[in-house]
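Working notes for the structure below.
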Amino acid sequence: MTPSKTPAEVLDIDGFEVRISTPDKVVFPDPGLTKLDLVRYYLAVADGALRGAGGRPMVLKRFPKGIDAEPFFQKRVPENHPDFIDTTTLHYASGTSAEEAVIRNAAGLAWVVNLGCLDLNPHPVRAEDLEHPDELRVDLDPMPGVDWSQIVDVAYVAQEVLDDVGLVGWPKTSGSRGLHILVRIAPQWSYKDVRLAAETLAREVENRAPGLATARWWKEERGESVFVDFNQNAKDRTVASAYSVRALPDARVSAPLAWEEVRTARPEAFTVPTMLERFAEIGDPHQGIDGAPGSLDGLLALAKELGPAEKAPRAGNGSGRRQSAMPLIEVARTKTKPEALAALEEWKSRHAAVVPSLAPADVLVDGMRGSSSLWYRVRVNLQHVPEAERPTQEELVADYDPWAGKQWPGRPESQ
């Protein structure tokens, strides 16, 4: 976000005053969208955006330095939050807790945008019941080399599985490369049960569409397939909800779809300007999502039928760590994605002879969640390189430590 001396603008939103600082600050240079433009976008689609994020505790993903810089994740609600922002305290699997923001109205949407949030990242629970999710989330995450048509094919297989177990899925673009399917469920099951149900769904999709879809958790084992990411249902996880604006140059948004649209829709067609037109014309395709919450009994019965999922072997050195079946080497750990890509290019220049043998899915650049921001790990899977020609593990091109200087409860400060 570029500097601006524009005075703040105070909006009256349904009787609540919301102060928008530097309203003319340009957030998306290519389409020329300012912070105030983003506020007005969320106000225009508030009915749909609140259907996805309203009443849920939310992690604030803030972009204070603009869309080209790494965001930071703020779990704890700012102390000076206005009265129209509710809060609730979540207890995380790590043993920590945080009082998180809960928005319930359009003024809340404007408030989070003013903080520098672009997308909305709610938990799959309501503030009134934090231990029983009311939403199962199916995240179809394509590996490199996978095109949109393959994602669509997998989505329809997932719809078929959901139908077979008596559940209704509501599709939306992720706002990036993938597709989400949201499933409202009665808040009767624990996080553990919901994750097991999601994993079972992923395994069944893989069984019905082998080669197209995969439920393999380890990225290097997926090949050029669509990963049905069941772990998005683990406690502490959040995903960008419907109508979220993503940090891409074209101001792309996460677009709710009707199933008959999925085959012909394209993620790049849904941006802030086009969504404003679409919402004004047809409203929210997910308007009925809360009408009939379903039961997980069918998926949990299928879990028993399928049996436990295959577990990866552990290393024999006493570390307890998983032992990969693939010939992986690590290239770099970096603070930012541009640094990760630069390190990858440096490695490729050193080993130019093997680069032609690498498939798109063999190059693994992963955003890893740190304490408050992402860091990046670069690895290369040498499975398609003849064994005699495979480079060995070398000193990392870059070796960023995301935990340096961090203090943890009950542990000494990291060195």
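Positions in the sequence shown are counted from 1; adding 4 to them yields this note's numbering. Just so it is clear, CB atoms sit at the ideal spot from N, CA and C, and this is done for glycine as well. All figures in this text were calculated on a predicted structure; none of them were measured in a lab.
For Thr92, the CB contacts under 8 Å within the same chain, skipping 5 residues up- and downstream, are Pro61, Glu103, Glu104, Val106, Ala131, Leu134 in chain order. A Cβ-Cβ contact shorter than 8 Å links Asp233 with Asp143. Residues of the same chain with a CB within less than 8 Å of the CB of Arg270, apart from the 5 flanking positions on each side, are Trp152 in chain order. Following the DSSP letters along the chain, one finds Tyr380 inside the beta strand (DSSP E) bounded by residues 378-385. Taking 8 Å as the cut-off, the Cβ atoms of Asn237 and Leu140 count as close. Taking the Cα positions, Ile155 is about 43 Å away from Glu21.
A distance of 8 Å or more separates the beta carbons of Val257 and Val230. Inside the region 157-215, DSSP marks whole beta strand (DSSP E) runs of 3 or more residues at positions 174-177, 183-188, from first to last along the chain. Taken through DSSP and simplified to helix, strand or coil, Val359 comes out as helix. For Met279, the secondary structure class from DSSP, reduced to helix, strand or coil, is helix. In this structure Val14 is exposed. Its beta-carbon is surrounded by fewer than 16 other beta-carbon atoms within 10 angstroms.
Residue environment for Tyr96: exposed (fewer than 16 other C-beta atoms within 10 angstroms of its C-beta). Secondary structure note for Leu332: its beta strand (DSSP E) is the uninterrupted segment 332-338. Nearest to Val369 by C-alpha distance, out of Arg394, Gln387, Leu166, Pro342, is Pro342.
Counting along the chain, Ala102 sits inside no alpha helix (DSSP H); it lies in the beta strand (DSSP E) bounded by residues 101-106. DSSP places Glu399 in the coil class of the three-state scheme, outside both helix and strand. Ranking Ala53, Thr100, Gly173, Asn125 by CA distance to the CA of Trp263 puts Gly173 first. Between the alpha carbons of Ser361 and Trp222 lies a gap of roughly 21 Å. Distances from the CA of Tyr160 to each of Glu265, Asp288, Ala346 were compared; the closest alpha carbon is that of Glu265.
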